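S.K.:
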Ligand SMILES: Cc1cc2nc3c(=O)[nH]c(=O)nc-3n(C[C@H](O)[C@H](O)[C@H](O)COP(=O)(O)OP(=O)(O)OC[C@H]3O[C@@H](n4cnc5c(N)ncnc54)[C@H](O)[C@@H]3O)c2cc1C
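Chains as they are written, first to last, in our numbering: chain A, 79 to 328; chain B, 36 to 425.
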């Protein structure tokens, strides 16, 4: 099966973030970047699907400046066969503009399955996967936690609040991946060496117009320190009074 | 830990990728279980297939023998990360790669290499390295284990080896013995002894208070008949096992830093959380000096090992340089582990924290692979031209 996985380079979610001096993005100095978490699950899902199917090709695609080649090589060290870098000076904040570039690359390439992370950690927008499906005119299943594909047909599980939903769909299709599919494997040391020899093609991205732009980014306000009203049952009436009059939550 | 000196900028993308992959393995698979394995006194064997899958065994040996073919800096970073978990885990990999696979690679016949190396890289065959004897530790040239060649070309091996890491786990032992009537250490040769060969037995070393998550055993050889092709044809005198030790010591110089990094990280985190006299203990000058000293020594050690690795990759490093790195880095790691343990107060004696486990482990690392003193004498000889051993 020929599978494409579109992956994004995002900062490690455990980093301490600062707003950049431009005030429209984060300050990237000193941050560690990696394959976005959900995209990592998508790579794993693709590799497993092809391993189970006994062959095929897994192609990873990333859009952005040259530094996205790092995450492409990481995905190849996990086992992807080749990579495509769609080169752009920066990543537009309009997901549709990105989706247009990706769909221009993906169309007519004969992919049976196109995977995305359900959203990227840094923007939480969740637009690119679904918009790409729309532009390609393909069925789209979002936030999938279990995926099975075989000849022309796919089934997937979606975890809803308190329920699971099983869906089936014809291939080719676009699927966005939630965690729950198997944990992304460690790139083996041989895989890291092998990735250096795998093809990585770099070409200009045909971005669409970016109509959405970020005006300002700010960190959440610091939480004020808590206050201890008193101890034991005697403090309860005062606590309730304050929750009603001051915090206004009751 | 934070890369305070931006040493990562001196590492290639592959080297960083290797380090990060092993780091994640250690965080996810070793850290959660290692405290208990240490208390139980057992090497966590269930990790062997995963370590093999990751590719850590003999990772700097060539791909044609099923190994990862990494450079020596990447190899060192693997050792650092494994020992961040535990010296026992790193010892397992050191012995498998540098002390069992390396001699087969360096002194073995093409047949021996093809037979053993791919299986050892895959973790299907575990090896050990038998040099030390009950009465010959720092002075292996005096060994009494002996292999006598028989008329049909086979060998009869007699003797005992002690303190052998992986000794009871291993399917094959690389054993160093003097041949026939040789008295001098020029007659020392290496042999591959397979488990199950009649007369070969091993026994677990009981009562260890250090390196508990590691198999340390005694090997006994009683009229063990070995086939003609059990000998490593390229091995030739004491310098052959010493070449293996140079490989392993190089890795240890990195590994010890991993243990030190784990202790430093733990101490730093604890110093910010532990409130005493109404403030975090990290706010007191004494603890700040402690942490500053730890960090300084780690950074210095990392620069020594990294430079040594680059020399090794360039093919110009010397065993004396390795002695300096092993001696310094293990020594500072033992100090750092002890200081970390002290900073942690009473919690510092618990297996739940890493500091005391590392502190105890590092006492073995201080002693094996050439004791701290022996490396001083090697350096002393290099400096003065005078041999303190004779
Ligand atoms: C956990 C563990 C695992 C080990 N694994 C292996 C293994 O896999 N394979 C293997 O072959 N060996 C192994 N060893 C053995 C190790 O290499 C030896 O313990 C080491 O070489 C020291 O020998 P010794 O213990 O006999 O000490 P000794 O040589 O008796 O030394 C005792 C003390 O005397 C000092 N000393 C010795 N000679 C001199 C001198 N000339 N001048 C000044 N001081 C001197 C030493 O520094 C030390 O302080 C292991 C040891 C341990 C503890």
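Positions of the beta carbon are idealized from the N, C-alpha and C atoms, including for glycine. The structure displayed is predicted, hence computed values, not measured ones.
I want to see whether chain B comes within less than 7 Å of residue 93 (chain A), judged by CB atoms only; does it?
M.R.: Closer than 7 Å: no.
S.K.: Would you say the stretch 191-208 of chain A touches the stretch 239-258 of chain A, given that touching needs at least three Cβ pairs under 8 Å?
M.R.: Enough Cβ pairs lie closer than 8 Å, so yes.
S.K.: If we require 3 or more residues per run, which beta strand (DSSP E) segments fall completely within the stretch 136-221 of chain B?
M.R.: Segments of the beta strand (DSSP E) lying fully in the stretch 136-221 of chain B: 162-165, 181-184, 190-200, 207-214.
S.K.: Just to check, is the beta-carbon of residue 220 (chain B) closer than 6 Å to a non-hydrogen atom of ligand 1?
M.R.: False, no ligand heavy atom lies under 6 Å from that Cβ.
S.K.: In chain order, what are the residue ranges of uninterrupted alpha helix (DSSP H) at least 4 long that sit wholly in the stretch 250-317 of chain B?
M.R.: Runs of the alpha helix (DSSP H) inside the stretch 250-317 of chain B: 274-308.
S.K.: Check whether the Cβ of residue 227 (chain B) sits closer than 6 Å to any heavy atom of ligand 1, and report yes or no.
M.R.: Not so, every heavy atom of ligand 1 lies at least 6 Å from the Cβ.
S.K.: Can you name the start and end residues of the alpha helix (DSSP H) that residue 237 (chain A) belongs to?
M.R.: Segment 231-238 is the beta strand (DSSP E) holding residue 237 (chain A); no alpha helix (DSSP H) there.
S.K.: Determine the burial state of residue 54 (chain B): buried for a count of at least 16 other Cβ atoms within 10 Å of its Cβ, exposed for fewer.
M.R.: Residue 54 (chain B) is buried by the Cβ-count criterion.
S.K.: Would you please verify whether the beta carbon of residue 46 (chain A) is less than 7 Å from any beta carbon of chain B?
M.R.: The first residue shown for chain A is 79 and the last is 328, placing residue 46 (chain A) beyond what the model contains.
S.K.: Excluding sequence positions up to five away, which residues of its chain have a Cβ less than 7 Å from the Cβ of residue 290 (chain A)?
M.R.: Within the same chain, residue 290 (chain A) has close Cβ partners 171, 172.
S.K.: What residues from the stretch 144-174 of chain A come within 8 Å of chain B, judged by C-beta to C-beta, listed N to C?
M.R.: Listed by position along the chain: 148, 151, 152, 155.
S.K.: I need the DSSP call for residue 300 (chain A), collapsed to helix, strand or coil.
M.R.: Coil, per DSSP.
S.K.: Check whether the Cβ of residue 49 (chain B) lies closer than 7 Å to any Cβ atom in chain A.
M.R.: Output row for residue 49 (chain B): interface = yes.
S.K.: Report the residue from B:375, B:351, B:344, B:317 whose alpha carbon sits nearest the alpha carbon of residue 361 (chain B).
M.R.: Looking at the Cα atoms, B:344 is the closest of the given residues.
S.K.: Inspect the CB distances between the stretch 77-95 of chain B and the stretch 123-143 of chain B and report whether three or more fall short of 8 Å.
M.R.: Touching, per the Cβ criterion.
S.K.: Could you check whether the Cβ of residue 60 (chain B) sits closer than 7 Å to any Cβ belonging to chain A?
M.R.: Chain A, which has a Cβ nearer than 7 Å to the Cβ of residue 60 (chain B), makes this yes.
S.K.: For residue 277 (chain A), would you say it is in contact with chain B, using Cβ-to-Cβ distances shorter than 7 Å as the test?
M.R.: It does not: the Cβ of residue 277 (chain A) has no partner Cβ on chain B nearer than 7 Å.
S.K.: Could you tell me which chain B residues have their CB closer than 8 Å to the CB of residue 274 (chain A), listed as they occur along the chain?
M.R.: Ordered by position in chain B, the residues that pass the 8 Å Cβ test against residue 274 (chain A) are 49.
S.K.: Helix, strand or coil: how does DSSP classify residue 226 (chain A) here?
M.R.: Strand, per DSSP.
S.K.: Mind listing, in chain order, the continuous beta strand (DSSP E) runs of no fewer than 3 residues lying wholly within the stretch 241-323 of chain A?
M.R.: With a minimum length of 3 residues, the continuous beta strand (DSSP E) runs that stay inside the stretch 241-323 of chain A are 241-248, 251-255, 278-282.
S.K.: Could you run through the stretch 202-228 of chain A and flag, in chain order, every residue whose CB is less than 9 Å away from some CB of chain E?
M.R.: In the structure shown, chain E does not exist; the protein chains are A and B.
S.K.: Please list the segments of the alpha helix (DSSP H) lying wholly inside the stretch 140-202 of chain A, counting only runs of 4 or more residues, in order along the chain.
M.R.: The qualifying runs are 147-156, 173-184.
S.K.: Residue 118 (chain A) to residue 194 (chain A), Cα distance in whole Å?
M.R.: About 9 Å.
S.K.: Of the choices B:414, B:422, B:404, whose alpha-carbon is the least far from that of residue 172 (chain B)?
M.R.: Cα-wise, what sits closest to residue 172 (chain B) is B:404.
S.K.: So, are the CB atoms of residue 237 (chain B) and residue 261 (chain B) less than 7 Å apart?
M.R.: No, these two residues do not count as a Cβ contact at 7 Å.
S.K.: Could you check which residue in B:266, B:89, B:144 has the C-alpha nearest to that of residue 227 (chain B)?
M.R.: Residue 227 (chain B) has its Cα closest to that of B:266, out of B:266, B:89, B:144.
S.K.: Drop a sphere of 10 angstroms on the beta-carbon of residue 108 (chain A), count the other beta-carbons inside from all chains shown, and report buried for 16 or more, exposed for fewer.
M.R.: Flag for residue 108 (chain A) reads exposed.
S.K.: With distances taken Cα to Cα, identify the nearest neighbour of residue 214 (chain A) among A:151, A:284, A:181, A:314.
M.R.: For the residues A:151, A:284, A:181, A:314, the minimum Cα distance to residue 214 (chain A) belongs to A:181.
S.K.: How should residue 288 (chain B) be labelled, buried or exposed, when 16 other C-beta atoms within 10 angstroms of its C-beta is the threshold for buried?
M.R.: With 16 or more other Cβ atoms within 10 Å, it is buried.
S.K.: On the three-state DSSP scale, how would you describe residue 217 (chain A)?
M.R.: DSSP places residue 217 (chain A) in coil when its eight states are reduced to three.
S.K.: Is the beta carbon of residue 161 (chain A) closer than 7 Å to that of residue 150 (chain A)?
M.R.: Yes, the Cβ-Cβ distance between residue 150 (chain A) and residue 161 (chain A) is below 7 Å.
S.K.: Hey, could you find the ends of the alpha helix (DSSP H) residue 118 (chain A) is sitting in?
M.R.: 115-130 is the span of the alpha helix (DSSP H), which, as asked, contains residue 118 (chain A).
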